[in-house]
Amino acid sequence: MSAKCDFCKGTMGKGGTCIAVPVDCDEADGAVKSYPQIPYGSETHHSLYEQYRHQFPSESEEKIAKRVDDFLKRLSIGKYNPADATCHDCGVRLGGFHHPGCDNEECPKCHRQLLSCGCLHSNGSKED
Ligand SMILES: [Zn+2]
Ligand SMILES: [Zn+2]
Ligand SMILES: [Zn+2]
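Residue numbers for the sequence shown follow our numbering, so the first one is 12 and each next one is one higher.
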């Protein structure tokens, strides 16, 4: 069984990519601002940075970045070859854009999980 993406008309879970669309986010002042979508593999892993910064408050930015890097490397070792990696949730290839609703997509505004961060404008999502 494979799910079809209504947005790009592609089949999810088969590699490839969705269509890049700006992500509309609600701003504090009530306005809606568009951010460029973050492709798979280009995430900043901001929540990881925050976690390590909290854990090691006296360390430099470089040291924290190295910790995040090492953690991600450990995660990926033995699991996949980065050259043919695909998103664990929506199946796009490395460098591709996630299909709407993917739980692996990073919010371009706050850099947390887009599905749960709450930034997404309710009427401006890919759902149309
Ligand atoms: Zn799609
Ligand atoms: Zn995805
Ligand atoms: Zn967000």
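We put the beta carbon where it would ideally sit given N, CA and C, even for glycine.
Since we're looking at a predicted model, the values are computed, not measured.
Where Tyr46 is concerned, the enclosing beta strand (DSSP E) starts and stops at 43-46. Sequence-distant Cβ neighbours of Gly52 in its own chain, meaning closer than 7 Å and more than five residues away, are Leu105, Gly106.
With 16 or more neighbouring CB atoms inside 10 Å of its own CB, Val103 falls in the buried class. Under the criterion of beta carbons closer than 8 Å, Val32 and His132 do not qualify as touching, at roughly 12 Å.
Every alpha helix (DSSP H) of 4 residues or more that sits fully in the segment 25-90 is shown, in chain order, as 57-66, 72-87. The closest CA to that of Ala76, considering only Glu54, Thr22, Gly27, is found on Glu54.
One residue list follows from the rule of a beta carbon closer than 6 Å to any heavy atom of ligand 1, given in chain order as Cys16, Phe18, Cys19, Gly21, Cys29, His110.
In this structure, Val32 has its beta carbon at no less than 7 Å from each heavy atom of ligand 2.
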